[in-house]
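Numbering (mature numbering (1 follows the signal peptide of the UniProt record, and there is no 0)), first residue to last: -24 to -1, 1 to 539.
The C-beta atom is built at its ideal place from N, Cα and C for all residues, glycine as well.
Keep in mind it's a predicted model, so treat the numbers as computed, not measured.
Structure record follows, encoded as structure tokens.
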Ligand SMILES: *[C@@H]1O[C@H](CO)[C@@H](O)[C@H](O)[C@H]1NC(C)=O
Ligand SMILES: *[C@@H]1O[C@H](CO)[C@@H](O)[C@H](O)[C@H]1NC(C)=O
Ligand SMILES: *[C@@H]1O[C@H](CO)[C@@H](O)[C@H](O)[C@H]1NC(C)=O
Ligand SMILES: *[C@@H]1O[C@H](CO)[C@@H](O)[C@H](O)[C@H]1NC(C)=O
Ligand SMILES: *[C@@H]1O[C@H](CO)[C@@H](O)[C@H](O)[C@H]1NC(C)=O
């Protein structure tokens, strides 16, 4: 519903008042989070972790399309804190995206109430802290958005719904890892893999997931790790893929799935084997030494310990990459299924829209002041004290950052192999035009795999291919049933093409989901401004929102209009 249509008095008020960013008609879910440090031994050795309400991983946010989520967050850490709701599009509301470029952090010892709406979305997502290197200590959790009752989903309602948060893990504290990166040293290899916060198993483990014979369950698998792609497989059971990051997919069966950093996949598992205990396996991909973790999934009244013979991982190396690319190509949008809205996904013909802008981003590594940095097109992002979104809103951008330091084409000097090539450290913000249909080419000239997440949008992942991109490569694009999603992997010496309409006004982050690369500057923002300055296109800053930097005491901009 738009503010131009003043159907109800309640809604009229909510449009007028910048306090009420969220719509009054939709249900509210209230949460209170106590965020603290704690000591746990995910890999067998005690270490400091971040807990939410004493939980690691944090509590799952279980919601339905259009719910309003209100979370009163108490920061009991000794550092400023922010959470992002990875994959939640925050329509008209980049204020709540929870990144240092959009939002002022919650000061230690204080609490702040985050409010956002999961508008017109369904699917499997997760949240995590975006400040410092907090993610390396945990603080993440699952975020589900169910379809509204009236909207059919393309499978029977599962008998249960499980989160499977997998990811590699370091046994060093987030502060020492941050120390390495700040001093120009890479993070090195992770120490293990966690499944829902657990990295060590014993024979006597009770099942982490329990199913009843004959029933079907949904497992929402997300890679919340820091460095590696993870292959996931279920002993003796096929995975039926049904959803990727908010899109219903063609329901193919898989023995194993590559879940790259930051990605989420929903699979259905039917308990149609002997009532026993089995192992879910998560192992690193494309790594010299493969790190593996298991968790028990079993049948109610299942007998006996699981077999120790693990289902095999797909091969690594060049073959493995070809296998993985093929698996990507097998993911298709189900054109007849609905997602958050009743109309079928395929009624949106993205392949017939003319591209208005092509942005090629080369994700390179390099050096600045002798230290390791990562960049897009030669600029390594740094967060200014004032979030760029706030600076832009208060008309103070020129005090904080410059637009368009990078061009739409990478400079010819980029080789990308960390050979000491110099990069510029600065806030990296591209001015993008509201409602343009753009093509973004993500180029990975490095020897290791990378993965990228875009906030604020879903994009069509139309191609992931080896070699160097050129306009002729558009012939390889899937312009019919590519999956609309928010995170895409790019293999070594390869590229990926994504397409999207910039129909969400705000300041939106594109980042490498490898923690090291993102932290060391491989991220940027798209400033998408609606020239209308209308509440129809973007909310004003909520009066309760915290201010920082040059935004403190700055005069408010004139109110946005209603049309
Ligand atoms: C999550 O939400 C769905 C849809 O509202 C509901 O059916 C389910 O019971 C909820 N699960 C939990 C654990 O609250
Ligand atoms: C902090 O928590 C208190 C008590 O729950 C609440 O009344 C207050 O609104 C919260 N403050 C902010 C800024 O959210
Ligand atoms: C696509 O969705 C439709 C509509 O819900 C469903 O009937 C069909 O089985 C799905 N097709 C595939 C191939 O998954
Ligand atoms: C797209 O571009 C083609 C060729 O330039 C043009 O003929 C067509 O009208 C355009 N379509 C739209 C929807 O703008
Ligand atoms: C962004 O681009 C638009 C359209 O080209 C232009 O009108 C606007 O002035 C630019 N904004 C900035 C801050 O450069």
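Within its own chain, the residues whose Cβ lies closer than 8 angstroms to the Cβ of residue 496, once the five positions on either side in sequence are excluded, are 157, 348, 349, 350 and 356, listed in chain order. For residue 491, the uninterrupted alpha helix (DSSP H) run begins and ends at 491 to 495, by DSSP.
Sixteen is the threshold: since fewer than 16 other Cβ atoms of the shown chains lie within 10 Å of the Cβ of residue 532, the residue is exposed. Close CB contacts of residue 514 within its chain, under the 6 angstroms cut and outside five residues either way in sequence, are with 68, 481 and 506 (chain order). The C-beta of residue 6 has fewer than 16 other C-beta atoms within 10 Å across all chains shown, which makes the residue exposed.
Taking the Cα of residue 59 as reference, the smallest distance to any Cα among 82, 502 and 150 is reached at 82.
When the Cα atoms are used, residue 11 and residue 50 turn out to be separated by approximately 6 angstroms. For the beta strand (DSSP E) assignment, the uninterrupted runs of no fewer than 3 residues enclosed by the region 468 to 514 are, from N- to C-terminal side, 470 to 477, 482 to 488 and 499 to 505.
With 16 or more other Cβ atoms from the protein chains shown falling within 10 Å of its own Cβ, residue 487 counts as buried. In this chain, residue 146 is not harboured by any beta strand (DSSP E), its DSSP state being neither H nor E. Ligand 5 has a heavy atom closer than 8 angstroms to the beta-carbon of residue 380.
One residue list follows from the rule of a beta carbon closer than 5 angstroms to any heavy atom of ligand 1, given in chain order as 38, 40 and 122.
Counting of Cβ neighbours within 10 angstroms places residue 33 among the buried residues, the total reaching 16 or more. Per DSSP, residue 91 is one residue of the beta strand (DSSP E) stretching across 87 to 93. Counting only residues of its own chain and dropping the five nearest sequence neighbours on each side, residue 450 has no CB closer than 7 angstroms to any other CB. Assignment of beta-bridge partners to residue 280 by DSSP yields no partner. The shortest CA-to-CA distance from residue 452 to any of 206, 459 and 440 is the one to 440. When the beta-carbon positions are compared, residue 525 and residue 367 come within less than 9 angstroms of each other. Put simply, of 84, 173 and 502 the residue whose alpha carbon is nearest the alpha carbon of residue 111 is 173.
With contacts defined as CB atoms closer than 9 angstroms, residue 223 and residue 461 qualify as a contacting pair. Taking 3 residues as the minimum length, the beta strand (DSSP E) runs contained wholly in the region 332 to 396 are 333 to 344 and 347 to 352, in order along the chain. If you draw a 10 Å sphere on the C-beta of residue 242, you find 16 or more other C-beta atoms in it, and that means buried.
The alpha-carbon separation between residue 414 and residue 334 amounts to approximately 6 angstroms. Residue range 232 to 235 is occupied by the beta strand (DSSP E) that includes residue 233. In terms of Cβ geometry, residue 213 and residue 246 form a close pair [threshold 9 angstroms]. Rounded to whole angstroms, residue 353 and residue 63 show a C-alpha spacing of 25 angstroms. In this structure, residue 313 has its CB closer than 8 angstroms to one or more heavy atoms of ligand 3.
The region 312 to 325 makes no contact with the region 358 to 374: fewer than 3 CB pairs, one atom from each, lie closer than 8 angstroms. Per the Cβ contact rule, the region 320 to 339 is not in contact with the region 229 to 236 (fewer than 3 Cβ pairs under 8 angstroms). Around the CB of residue 444, fewer than 16 other CB atoms lie within 10 Å, so the residue is classed as exposed.
In this structure residue 426 is not in contact with residue 130, their Cβ atoms being roughly 32 angstroms apart against a cut-off of 8 angstroms. The beta carbon of residue 192 sits no closer than 8 angstroms to any heavy atom of ligand 3. It is roughly 36 angstroms from the alpha-carbon of residue 398 to the alpha-carbon of residue 530. Distance from the Cα of residue 13 is smallest, within the candidate group 61, 46 and 115, for 115. Here DSSP, grouped into helix, strand and coil, assigns residue 296 to helix. In this structure residue 228 is in contact with residue 306, their Cβ atoms being roughly 6 angstroms apart against a cut-off of 8 angstroms.
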